[in-house]
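Report on the following structure.
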Amino acid sequence: MQDAQLILDLALTLRHDGNGGVADDLTDLAGLTAWLHAHPGLTPAGHTADATVLTAVRELRTAVRTLFAHAVPGEPSRADKGRLMTLEEAVARVNGAAARTPTVPVLRWTGDGGPDVRHRPAQGEGDLTAVLAGAAIAFLASPAREKLRACHAPRCVRYFLKDHPRQEWCKPSCGNRARVARHHERHRGE
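So for the sequence shown, our numbering puts the first residue at 2; every next one is plus one.
Written as structure tokens, this is what we have:
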């Protein structure tokens, strides 16, 4: 579930701005730095992001949101209209970033079976987009992907994981806005 939360958090750096538009938390290095501080362990200690990293993370976020748009049942988030890559571009971007993940050999000795060498991602190594792409792949290939939904409440542009069979919105405030909007729509013209 860590991969799911991390990659959802990346996707949610695009959010409703409160005025009918979309706000981007990653418009500058300060935004990326704040996001990284909220997600400790993604980068080695003392590492600072630069404009190249910011651009790469923003492009990966677009790829992830494209994949989310294809993964959810029904319509994708309203924030993604006109912003998505093709599915092929998104898959290539995520796979390309994930391919930069360094791995280390891990020796396992299973009782009578003898030694077995597996590879795992190196801890605290590699670039940020490789780590994020790995999390995206792990999430999208997991059963948790079946719970991914786009919130269609008025003014919401979020993706969320459906925790309850009757859950329709990402948070209670979105449910309240949707009910109020339906009420006003029903009583319009009375």
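The beta carbon of each residue, even a glycine, is placed where N, CA and C say it ideally should be. Quick caveat, the model's predicted, so the values are computed rather than measured.
Three-state secondary structure assigned by DSSP to residue i
i    : result
P106 : strand
L13  : coil
R156 : coil
R119 : strand
G83  : coil
A99  : helix
P166 : coil
G75  : coil
L7   : helix
L88  : helix
G42  : coil
Alpha-carbon to alpha-carbon, residue j and residue i
i    : j    : result
L27  : W36  : 8 Å
D18  : V107 : 46 Å
T215 : T111 : The requested residue 215 does not occur in the structure, where the chain is confined to residues 2 to 191.
L162 : L149 : 5 Å
R59  : D113 : 48 Å
R16  : Q6   : 16 Å
G32  : L13  : 13 Å
P166 : D51  : 42 Å
K82  : A64  : 13 Å
Q3   : R94  : 21 Å
N177 : L55  : 35 Å
G125 : T104 : Per-residue confidence for G125 stands at a pLDDT of 47, beneath the threshold of 50, marking its modelled position as unreliable; the derived number appears in the next sentence. Computed Cα separation, rounded: 11 Å.
L61  : H188 : 43 Å
C171 : A70  : 15 Å
N96  : L30  : 25 Å
R180 : D117 : 57 Å
A80  : R109 : 46 Å
P41  : T53  : 20 Å
D164 : R101 : 33 Å
R146 : L43  : 22 Å
Range of the contiguous beta strand (DSSP E) that encloses residue i
i    : result
V23  : V23 to D25
R189 : That residue, R189, is in no beta strand (DSSP E); it is neither H nor E in DSSP.
A151 : L149 to A151
Run of the alpha helix (DSSP H) containing residue i, from where it starts to where it stops
i    : result
H71  : A52 to A72
L133 : L129 to L141
L162 : Premise fails: L162 lies in the beta strand (DSSP E), Y160 to L162, not in any alpha helix (DSSP H).
H38  : L30 to H38
G19  : Unbroken run through G19: none, as it is neither H nor E.
Contacting residues, own chain, Cβ-Cβ under 7 Å from residue i (five flanking each side not counted)
i   : result
A99 : A131, A134, G135 and I138
A91 : A64, T67 and L68
N20 : none
Cut-off 6 Å between Cβ atoms - residues of its own chain near residue i, not counting five sequence neighbours on either side
i    : result
A151 : V73, P77, S78 and Y160
C175 : C152, A154 and C157
F140 : D4, A5 and I8
8 Å CB neighbourhood of residue i in its chain, flanking five on each side removed
i    : result
R119 : P106, V107 and R109
A39  : D10
V23  : L15, R16, H17, A80 and V158
Residue i: CB within 6 Å of a non-hydrogen atom of the ligand MN
i   : result
R79 : Absence of the ligand MN is noted for the structure shown, with no ligands found whatsoever.
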